[in-house]
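Student:
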Amino acid sequence: MAGNSIGKEFIVTSFGESHGKVVGVVVDGCPAGLPLSEADFQEELDRRIPAERKIVSARIEKDNVKILSGVFNGFATGAPIAVMVENKETNSNDYEAIKDLPRPGHSDYPARIKYGGFNDYRGGGRFSGRITVALILAGVIAKKLLNRYNVDVLAYTIAIGNIKSTKKFTAEEIRKNRSQASTRCPDLSCAERMEEAIIAAKAAGDSVGGVVECIALNMPVGVGEPLFDALDADLAKAVFAIPAVKGVEFGAGFRAAELMGSQNNDAFLVEGGKVVTATENAGGVLGGLSNGMPIELRVAIKPTPSIAKEQRTVNLSAMENASITVKGRHDPCVVPKAVPAIEAVVAITLADHMIRSGVIPKVLKAH
Ligand SMILES: Cc1cc2nc3c(=O)[nH]c(=O)nc-3n(C[C@H](O)[C@H](O)[C@H](O)COP(=O)(O)O)c2cc1C
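With positions in the sequence shown counted from 1, the corresponding number in the numbering used here is that position plus 92.
#1: Can you confirm whether the region 230–250 touches the region 204–219 when touching is taken to mean that 3 or more C-beta pairs between the two stretches lie within less than 8 angstroms?
#2: Using a Cβ-Cβ distance under 8 angstroms, would residue 353 count as near chain B?
#3: Report yes or no: do the region 414–431 and the region 294–314 share at least 3 C-beta pairs separated by less than 8 angstroms?
#4: Report the CB separation of residue 389 from residue 306 in whole angstroms; it is logged as a contact under 8 angstroms.
#5: As an exercise, report each continuous beta strand (DSSP E) stretch of at least 3 residues that is fully enclosed by the region 392–444, in chain order.
#6: For residue 248, report the span of its beta strand (DSSP E) as first-last.
#7: Can you give the Cα-Cα distance for residue 460 and residue 180, rounded to whole angstroms?
#8: If you draw a straight line from the alpha carbon of residue 347 to that of residue 421, how long is it in whole angstroms?
#9: According to DSSP, is residue 127 part of a helix, a strand, or is it coil?
#10: Got a sec: does ligand 1 put a non-hydrogen atom nearer than 7 angstroms to the Cβ of residue 95?
#11: Apply the 10 Å Cβ neighbour rule to residue 343 and answer buried if 16 or more other Cβ atoms are within range, or exposed otherwise.
#12: Give the C-beta separation of residue 291 and residue 336 to the nearest angstrom, bearing in mind that I take them to be a contact with Cβ-Cβ under 8 angstroms.
#13: Mind the definition here: the region 309–323 touches the region 378–388 only if three or more C-beta pairs lie below 8 angstroms; say whether that holds.
#14: Where DSSP assigns a beta bridge to residue 106, which residues make up the other side?
#15: How would you write the range of the alpha helix (DSSP H) that residue 282 sits in, first residue to last?
#16: Sorry if obvious, but does the Cβ on residue 465 come closer than 7 angstroms to a heavy atom of ligand 1?
#17: Give me the residue from 280, 178 and 174 with the minimum Cα distance to residue 268.
#18: Is it true that the region 198–206 meets the region 216–223, where meeting means three or more beta-carbon pairs spaced less than 8 angstroms apart?
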């Protein structure tokens with residue numbers, strides 16, 4: 093079975109390629125009655141590109157969103173919602189020269205073998221970061237749904253290369269600060285050094301990776317469908333749909349392996365008539381179910397594969413060793429652009445599970 097759809101009740105199907113006509117999504121299962129307009133999507137897409145453009149690729153698309161179906165009189169109808177943006181800023185010339193030279197670290201080699209050379213390799217085709225624009229569109233719908241039930245999803249940068257931020261911030265501080273930092277790091281004392289690290293990597297013909305943290309606040313208890321659709325499993329699967337993601341951890345994550353049970357267990361307390369936990373090592377998920385505490389996950393993102401430095405590769409037509417210096421417009425660090433994409437896929441997964449668990453109904457009451 094092909095793998096371009098995700099979800100069981102809020103089903104998102106992605107389509108489009110980097111240098112094709114459009115990228116978009118079909119969202120099937122959005123509850124009827126959700127107010128939706130093209131302006132809702134535009135605001136989110138504008139947030140994708142940092143105003144400080146030194147640290148992103150020179151490809152800047154003026155993404156004008158089009159809703160093709162599923163919205164009538166300003167509300168979701170319950171029919172599939174198709175929403176897309178056009179690709180206009182494409183320049184495919186750089187890709188002709190390296191058609192037979194797979195970029196180390198990119199999908200070129202396995203994709204060519206899998207699709208028998210028929211795949212659209214221009215700009216990375218289906219494997220391009222551009223595909224995340226479509227996920228952001230679906231995420232807008234998911235976040236609007238979740239917000240009606242008070243669930244707030246927020247992603248932000250916590251590391252670029254070896255520059256790490258450990259400070260904790262409130263949701264308002266995260267929102268305010270991350271929009272001011274090109275790296276989308278709410279810790280403004282680190283944000284500048286992070287930006288410098290990206291600029292330095294680019295100047296050296298190289299790239300850097302980083303870590304994005306994502307939290308979901310005010311989740312109700314008991315959302316998730318173990319065994320195989322455990323909430324953490326589905327979140328991780330969705331996050332891995334974003335190119336360049338190499339790891340996901342919840343709460344204490346890999347550090348939990350080094351702790352004693354007495355250190356790792358989150359003690360329960362009653363606070364204001366509500367069950368809470370004293371610590372948050374579980375990352376908001378126990379047994380594949382939300383436990384009512386904030387969901388907290390961290391996503392490791394690798395350095396951008398396409399770099400100007402000379403690297404070893406092969407010529408697949410001649411079947412001989414070769415070298416490659418990748419030209420064209422590439423992000424020296426994909427982390428800032430991955431932030432809204434991670435927020436989107438987390439929201440998509442939570443919306444799907446909130447509908448599955450009956451918290452969100454199929455028809456929304458008028459507000
Ligand atoms: C938002 C975003 C932008 C990206 N931009 C680039 C880029 O400019 N150049 C590049 O080589 N890879 C870029 N990538 C990463 C590749 O798409 C990715 O590494 C490649 O498809 C191989 O997949 P994998 O890293 O998940 O194995 C980007 C990824 C994201 C999420």
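Virtual Cβ for every residue (Gly too), placed ideally from N, Cα, C.
Given the structure is predicted, the values throughout are model-derived calculations rather than measurements.
Tutor: For this structure:
#1: no
#2: In the structure shown, chain B cannot be found, because there is only a single protein chain.
#3: yes
#4: 5 angstroms
#5: 403–407 and 412–416
#6: 244–252
#7: This structure cannot speak to residue 460, because the chain is shown only from 93 to 459.
#8: 37 angstroms
#9: strand
#10: no
#11: buried
#12: Wrong, their Cβ atoms sit about 19 angstroms apart, outside the cutoff.
#13: yes
#14: 117
#15: 280–295
#16: Residue 465 lies beyond the residue range present for the chain, which begins at 93 and ends at 459; the question has no answer from this structure.
#17: 280
#18: yes
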